[in-house]
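Each residue of the sequence shown is one higher than the one before, counting from 85 in the working numbering.
Where is the CB? At the ideal position from N, CA and C, for every residue including glycine.
See structure below.
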Amino acid sequence: MTCLRHLPWKGAEAGRGDPHSRRAADRLGGGTGDVGAGIRPDRLDEDAVRPVAGALRALRDALRHLAAEATGDPRPPATAPGLAREEAVSTLNALALVRPELVRPAGGQPSRAYRGPGTAADLAVRLIAHQAVELFTGPDRDRLRPCVAPNCLLFFVKNHGRREWCSPACGNRVRVARHYQRHHPAPQS
């Protein structure tokens, strides 16, 4: 059994300059299952993640399908175009096998930790799936959006009224393209 302390998942923006991602990474411990232990990012190297690569790809495809459906995304599917809705839901539910536990250290504040079967890499995949279920069934579902930047396949939770892109880099790419089109009109034929 492996344990992971609560990690705030911010949809597609997790880990991209998100101020919570550093604090969340700081809370990740090390070990093999006791309540004070969890997943250490520096221990999730290629060898640790390789056994769950298939599960990660299946989860990615399921999440993209469900996010596209939830947002009415008009873009063609980037991966697994033949994936049915029932198959995507089934994959997500099968991978979301974690349970929250109350952790109350002596003299400290109570917190939440997640436990699940398997290795630390298995738990990381299961936690992502669990938090995706929370996203798709919670209040943030209505704020989920596809990134409209060219060649971007990501989705994000719109947390500001003017936000239209998953990251500042995508927003900059769109603005640069718009500027180029204004100042370099297409040749007349």
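- The closest CA to that of residue 216, considering only 204, 144 and 187, is found on 144.
- For the pair residue 128 and residue 205, the CB atoms are nearer than the 9 Å cut-off.
- Under a 10 Å Cβ-count criterion, residue 186 is classified as exposed, with fewer than 16 other Cβ atoms of the shown protein chains found around its own Cβ.
- A distance of 9 Å or more separates the beta carbons of residue 159 and residue 168.
- Between the stretch 169 to 181 and the stretch 237 to 253, the count of Cβ pairs shorter than 8 Å is below three; the stretches do not touch.
- Collapsing the DSSP output to three states places residue 136 in a helix.
- Cα atoms of residue 250 and residue 230: separation of roughly 8 Å, rounded to the nearest angstrom.
- Rounded to whole angstroms, the gap between the alpha carbons of residue 254 and residue 189 is 42 Å.
- When the five nearest sequence neighbours on each side are left out, the beta carbons in the same chain lying within less than 6 Å of the beta carbon of residue 237 are those of 162, in order along the chain.
- Beta-bridge annotation (DSSP): residue 229 is paired with 240.
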